[in-house]
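Sequence positions in the sequence shown follow UniProt numbering and run 1 to 502.
Quick notes on the structure that follows.
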Amino acid sequence: MENPSTQLRSRAGCERCKRRRQKCDEARPDCGRCRSAGESCVYRLNLKWGGRAFGLSRFGICPVQMINGAFVYSAEVMATPASVASQTSEQPRSHLSLTRSLSGLPPDLNAELQQLWHYFVSTASGTMSCHKQMQNETCRVLLPMAFEDPALRHAIFAFSSAHKASQTDSESSRGSLKWHAASLRNKSIGQLRQEIVSGYSRLESIFATCLILCLGTLCHENEEYNSWRTHLQGARAIMSAIYAAQSDSTHLNTSISFLRRRYSLLEMVASLTPDGFPAGDLSYESSETSSQPSRIFFDDYAGCYPEIFEIFHQISAVAWKRRQREYESYNFVPLSDPDFELQAANLESRLLEMIERDKSTRPCFSPGLQETLDEKQALEFAYCNLLLEYTALIHIRTQIMSLDSEAMEVQQPVKMIIHLVQQLEPPSGLSPVLGVNTALFIAGRYAFGADRTIVQSLLIRFHRKMYNYNMINAMDILDLIWRQVDSGQKNIGLQGHDFMAW
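Here it is, written out as structure tokens:
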């Protein structure tokens with residue numbers, strides 16, 4: 001019989017082997033030890049930046065939060081070697097051409113991984129894109145980096161496998177693809193950890209890997225969907241290191257600017273979650289061109305004008321301070337009720353002006369994009385912009401003004417969101433409507449009566465065409481919220497689900 005004390009401790013193995021300090025063969029779905037013992041075998045995400053407690057890692061001094069029993073990290077001070085600065089400047093990528101990155105394949109891929117690579121280029125990348133130009137840019141940025149970075153490469157493979165699973169009707173094929181996606185995702189996380197341990201090389205790729213892992217967790221059926229926050233906070237830490245190394249953010253290369261825009265959209269939606277983001281996390285400039293007027297051209301990545309990012313950041317910061325004052329740190333939040341009322345009134349007034357303006361004017365797109373959009377696509381962008389504005393209005397009135405869900409001021413934007421979504425068709429291809437789930441979930445959270453039924457039917461209708469599993473999770477979470485509201489509960493909670501509608 002083996003002596004457990006003589007075994008190497010498993011680092012990537014199952015929970016039972018780790019707890020017993022035994023070597024795990026890491027077989028899936030059940031490892032050999034658990035199978036022999038007739039015990040349940042569970043693998044959990046274990047992501048530590050730098051391979052150690054985050055405050056001791058190479059990222060420097062970082063505040064640590066505990067959410068739902070898991071550590072979530074964010075970086076305020078980054079100790080950045082001088083060598084990092086050279087990585088963030090505009091340079092031609094070594095020996096890689098765009099033609100090779102899009103039509104060729106990384107070396108040593110088996111047939112299955114080759115298929116996943118091509119599937120990402122042709123299909124899966126479209127789920128991150130509002131239009132063809134954006135899908136092409138997604139591939140142009142990610143694939144050259146993935147040629148050189150195995151962590152990013154396996155994150156892309158995992159995303160593709162999970163997306164293929166959502167498209168198949170065969171139960172056995174879906175199960176096989178989901179298992180493969182989980183295996184590839186775990187491999188990506190292990191490689192990501194090793195990259196961070198080894199130093200500050202390839203920060204762009206690490207940033208991209210964190211974002212793809214976050215998106216994959218949000219979009220596809222995944223037992224670890226609560227881990228999206230870990231990946232997003234990891235992306236935040238890497239982005240902080242990149243910016244700390246660059247004195248002038250306007251000279252960041254195009255790849256980092258693209259990734260930053262993707263991150264900003266995720267952060268904006270994350271601000272709507274029950275835990276939100278602490279106010280201190282929102283001290284970043286809203287865009288690389290913040291010195292210019294905020295409303296120049298429509299942001300085709302987010303489906304809104306850039307100024308909505310600033311609005312969401314301000315709303316989230318004030319709402320977070322209000323929660324801290326009411327539930328945790330009353331003595332440390334120097335804002336009084338009149339202060340909150342004034343900030344809420346200013347934000348509401350500005351947002352209402354934006355809504356009135358955008359209801360009567362056509363979106364202003366950049367010249368390069370304007371020619372590629374037809375009338376239907378332009379209208380979809382306009383509707384999606386209004387959906388985000390009404391979503392922000394709900395957030396102001398419920399989270400800062402603390403209005404009751406049944407108040408007319410809350411129900412009016414709820415009904416407007418439902419009305420706008422009813423005017424949209426579920427997309428069969430690239431479309432800004434891909435982001436409709438966020439607004440629909442927020443409206444559903446405060447809906448009553450027949451409006452709840454309409455929200456449910458809309459989520460089902462869009463899911464049947466978009467195969468976004470997040471919509472299934474949204475329906476489950478809404479059902480939980482509605483039961484709590486109908487039972488008279490005052491403090492509505494998600495019972496450990498750190499859910500983000502995406």
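Here a beta-carbon is modelled for each residue, glycine too, at the ideal position from N, C-alpha and C.
Going by the beta-carbon positions, is the gap between residue i and residue j smaller than 9 Å?
i: residue 443; j: residue 485; result: no
i: residue 204; j: residue 232; result: no
i: residue 380; j: residue 424; result: yes
i: residue 478; j: residue 439; result: no
i: residue 497; j: residue 480; result: yes
i: residue 451; j: residue 472; result: no
i: residue 314; j: residue 347; result: yes
i: residue 38; j: residue 23; result: no
i: residue 16; j: residue 36; result: no
Closest by CA to residue i, which one among the options?
i: residue 106; options: 135, 134, 145; result: 145
i: residue 470; options: 435, 25, 234, 254; result: 435
i: residue 389; options: 337, 311, 403; result: 311
i: residue 427; options: 409, 458, 308; result: 458
i: residue 301; options: 355, 416, 134; result: 134
i: residue 181; options: 460, 202, 203, 156; result: 156
i: residue 154; options: 118, 209, 125; result: 209
i: residue 260; options: 343, 379, 241, 42; result: 241
i: residue 396; options: 158, 30, 351; result: 351
i: residue 359; options: 372, 384, 348; result: 384
i: residue 112; options: 161, 148, 142, 126; result: 161
i: residue 129; options: 347, 28, 482, 431; result: 431
i: residue 488; options: 419, 468, 404; result: 404
i: residue 142; options: 409, 264, 256; result: 256
i: residue 271; options: 253, 308, 460, 258; result: 308
i: residue 343; options: 322, 354, 353; result: 322
i: residue 338; options: 39, 26, 400; result: 400
i: residue 368; options: 462, 274, 299, 212; result: 299
i: residue 411; options: 449, 422, 33; result: 449
i: residue 416; options: 159, 355, 340; result: 355
i: residue 345; options: 318, 370, 24, 371; result: 318
i: residue 526; options: 213, 220, 244, 243; result: Here the chain covers residues 1 to 502 and nothing more, so residue 526 does not appear.
i: residue 394; options: 316, 131, 140, 234; result: 316
i: residue 28; options: 108, 163, 184; result: 184
i: residue 503; options: 483, 108, 353; result: Within the shown structure, residues of the chain are numbered from 1 to 502, placing residue 503 beyond reach of any answer.
i: residue 398; options: 305, 320, 453, 123; result: 320
i: residue 140; options: 258, 32, 123, 382; result: 258
i: residue 406; options: 136, 445, 421, 15; result: 445
i: residue 453; options: 482, 152, 465, 269; result: 482
i: residue 228; options: 269, 253, 42; result: 269
i: residue 188; options: 152, 226, 197, 171; result: 152
Which residues in the same chain have their Cβ closer than 6 Å to the Cβ of residue i, if we skip the five residues on either side of it in sequence?
i: residue 441; result: 474, 501
i: residue 150; result: 191
i: residue 165; result: 174, 177, 178
i: residue 447; result: 414, 455
i: residue 119; result: 160
i: residue 25; result: 31, 32
i: residue 391; result: 439, 442
List the residues that DSSP assigns as beta-bridge partners of residue i.
i: residue 304; result: 299
Along the chain, where does the alpha helix (DSSP H) containing residue i start, and where does it finish?
i: residue 211; result: 203-219
i: residue 391; result: 375-395
i: residue 455; result: 450-466
i: residue 438; result: 436-445
i: residue 402; result: Run containing residue 402: none; DSSP gives neither H nor E here.
i: residue 174; result: 171-197
i: residue 29; result: Looking at the DSSP string, residue 29 is not in any alpha helix (DSSP H), and its letter there is neither H nor E.
i: residue 423; result: Here residue 423 belongs to no alpha helix (DSSP H), and DSSP marks it neither H nor E.
i: residue 266; result: 254-270
i: residue 231; result: 228-244
i: residue 368; result: 367-370
i: residue 533; result: With the chain covering 1 to 502 only, the question about residue 533 has no answer from this structure.
i: residue 359; result: 337-360
i: residue 503; result: The chain is shown only over 1 to 502; residue 503 falls outside these bounds and no answer can be derived.
i: residue 129; result: First-last for residue 129: undefined, no H or E at that position.
i: residue 470; result: 470-486
Within a Cβ cutoff of 7 Å, which residues of the same chain sit near residue i, ignoring the five residues on either side of it in sequence?
i: residue 467; result: 166, 167
i: residue 297; result: 364, 365, 366
i: residue 138; result: 125, 128, 129
i: residue 238; result: 203, 206, 207, 210
i: residue 409; result: 397, 403
i: residue 305; result: 295, 298, 299, 385
i: residue 235; result: 207, 210, 211, 214, 263
Ordered along the chain, which non-local residues of its own chain (more than five positions away) have a Cβ less than 8 Å from that of residue i?
i: residue 216; result: 155, 158, 159, 162, 181, 185, 222
i: residue 362; result: 378, 382
i: residue 461; result: 426
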